[in-house]
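Novice: Note that the sequence shown covers residues 0 to 383 in numbering that gives the first Met the number 0.
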Amino acid sequence: MAKASKIPAFSGSFTAGPVKTSNTGRGFFYFNDGPLFVWLLGKIFPDPETENDNPASYIANEYKTQGKKLFLNLDGDYTVVIKENSDLLIFLDFKGAGPLIFYNKEFFANNLLAVSEKNSADNKPDLKALAFFLKYGFTPSEKSGIMNIKRLPPGCLLTIKNEKVEVENLYPEFCAAKVEAPEHESSLMDIYSSLHKGSIKRRIKDKTAISLLLSGGYDSGANLAGLREIYDGKLTAFTVSFKNNPFSELEFVEIMADHFNAELNNYVIDGSEINFLPDIVRQTGIPFQESGLMINYSVMKEVQKFNPDIVLGGDGNDQFFGTGGMEIGFKYLVSITGIALLLRLFRFLTRELNPLPCLTKSIFTSRRFLMYLKQTGGDLKPVI
Numbered sequence: 000m001a002k003a004s005k006i007p008a009f010s011g012s013f014t015a016g017p018v019k020t021s022n023t024g025r026g027f028f029y030f031n032d033g034p035l036f037v038w039l040l041g042k043i044f045p046d047p048e049t050e051n052d053n054p055a056s057y058i059a060n061e062y063k064t065q066g067k068k069l070f071l072n073l074d075g076d077y078t079v080v081i082k083e084n085s086d087l088l089i090f091l092d093f094k095g096a097g098p099l100i101f102y103n104k105e106f107f108a109n110n111l112l113a114v115s116e117k118n119s120a121d122n123k124p125d126l127k128a129l130a131f132f133l134k135y136g137f138t139p140s141e142k143s144g145i146m147n148i149k150r151l152p153p154g155c156l157l158t159i160k161n162e163k164v165e166v167e168n169l170y171p172e173f174c175a176a177k178v179e180a181p182e183h184e185s186s187l188m189d190i191y192s193s194l195h196k197g198s199i200k201r202r203i204k205d206k207t208a209i210s211l212l213l214s215g216g217y218d219s220g221a222n223l224a225g226l227r228e229i230y231d232g233k234l235t236a237f238t239v240s241f242k243n244n245p246f247s248e249l250e251f252v253e254i255m256a257d258h259f260n261a262e263l264n265n266y267v268i269d270g271s272e273i274n275f276l277p278d279i280v281r282q283t284g285i286p287f288q289e290s291g292l293m294i295n296y297s298v299m300k301e302v303q304k305f306n307p308d309i310v311l312g313g314d315g316n317d318q319f320f321g322t323g324g325m326e327i328g329f330k331y332l333v334s335i336t337g338i339a340l341l342l343r344l345f346r347f348l349t350r351e352l353n354p355l356p357c358l359t360k361s362i363f364t365s366r367r368f369l370m371y372l373k374q375t376g377g378d379l380k381p382v383i
């Protein structure tokens, strides 16, 4: 498959109209067998053994024998669209990592702007979604930010039959791998380690230009350590730092990269990245995003210059392998001890002195500060 400069555009009508595609290339697969049409946007794991390396044909064959149950065991970062006669099925992977699908009563697309053009007479902001975002930092998975336009949540199947639109959540039937719990903690750690390294091995397969994102934390650090146990070739790491930020974790990133022999590339955010916002909204089609997307977008523009075969990210690794519990525990500690009041007081007192108020907040979410609280038993006097 040839590389594409833009994400594949994908749209269609819930009536008898055809499914339309454009900018097809890397990450886009298509298969047709009589009345059955299958489109795959993204990637499934592991790569299925198929003729012409077309995973869409694998999905078509599995659908013929299993129907919608095929999705219960289909891992990856993908969106699948299946059209058979006048029936249409759209499924987003259980993690929600594939291209998002937006839709109204008559039309769907993997870009919010495309649906909003068809919805122009009813385009009004969803104020409840905006309020939810401002409070929690994200919008409910079924909302788009625009009234009368919905978003397909992860693990959900959108079906259109006889022009009737329904959404079914397949999570209750999800077939997760079952692991027998051992008696000893050390045995459980061995199982975690084996699962982690096995996952990395399946991802890199026979690739040679391997890179990864490295933040200096547990999630990406565990990927780097696990990768080096099964791969000793050339490795490129990418990280992000902030210009004139006294609380940078770059020193920890450099230590990790040096220890595991990875060539480190650092993208320095200086504030000009705000100019990327129109492109981000245009590509993702989502007006409300948590701030981490800006960082990922910036570093991936740097990654693009190196054209690696694969980029390993750390998102979710800490949750899967247990280290995310420390942050959850800290928030619980704050809620029951009254430390939250001291944090608010400290931020208020330093607001006028700090030219970048956001950095004050970052102190209390950094791993170093969490470790400091653990070592001092929650004593904030030296900080204040």
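We treat Cβ as the ideally placed atom computed from N, Cα and C, and that holds for glycine. Note that this is a predicted model, so its numbers are computed, not measured.
(1) Over what stretch of residues does the beta strand (DSSP E) that includes residue 207 continue unbroken?
(2) In angstroms with no decimal places, state the Cα-to-Cα distance between residue 131 and residue 146.
(3) Leaving out five residues before and five after residue 360 in sequence, what residues of the same chain have Cβ atoms less than 6 Å from its Cβ?
(4) Over what stretch of residues does the beta strand (DSSP E) that includes residue 262 continue unbroken?
(5) So what's residue 168 in DSSP terms, helix, strand or just coil?
(6) On the premise that residue 214 lies in contact with residue 248, defined as a C-beta separation below 8 Å, what is that separation, rounded to the nearest angstrom?
(7) Quick one: give me the first and last residue of the beta strand (DSSP E) that residue 271 is part of.
(8) Under 8 Å Cβ to Cβ from residue 173, same chain only, skipping five residues before and after it: list those, please.
(9) Below 8 Å, can you find three or more Cβ-Cβ pairs linking the segment 66-82 to the segment 33-43?
(10) Identify every run of the beta strand (DSSP E) within the segment 56-118, keeping only runs that are complete inside it and at least 3 residues long; order them along the chain.
(11) Applying the criterion that 16 or more other CB atoms from any shown protein chain within 10 Å of the CB defines a buried residue, is residue 150 buried or exposed?
(12) May I ask which residues mark the beginning and end of the beta strand (DSSP E) holding residue 143?
(13) Quick check: residue 159 and residue 87, are their CB atoms within less than 7 Å of each other?
(14) When the Cα of residue 266 is compared with those of 277, 109 and 299, which residue comes out closest?
(15) What three-state label does DSSP hand residue 54 in the structure shown?
(16) Relative to the C-alpha of residue 114, which candidate in 101, 124, 211 and 121 has its C-alpha closest?
Specialist: Quick answer:
(1) First-last for residue 207: undefined, no H or E at that position.
(2) 14 Å
(3) Annotation note: pLDDT 38 at residue 360 (below 50); position unreliable, coordinate value reported separately. Counting only Cβ-Cβ distances below 6 Å, and skipping sequence neighbours, we find nothing.
(4) 262-268
(5) strand
(6) 7 Å
(7) Premise fails: residue 271 is in no beta strand (DSSP E) and is neither H nor E.
(8) 71, 93 and 154
(9) yes
(10) 74-83, 86-91 and 106-108
(11) buried
(12) Where residue 143 is concerned, there is no enclosing beta strand (DSSP E), given that its DSSP letter is neither H nor E.
(13) yes
(14) 299
(15) helix
(16) 101
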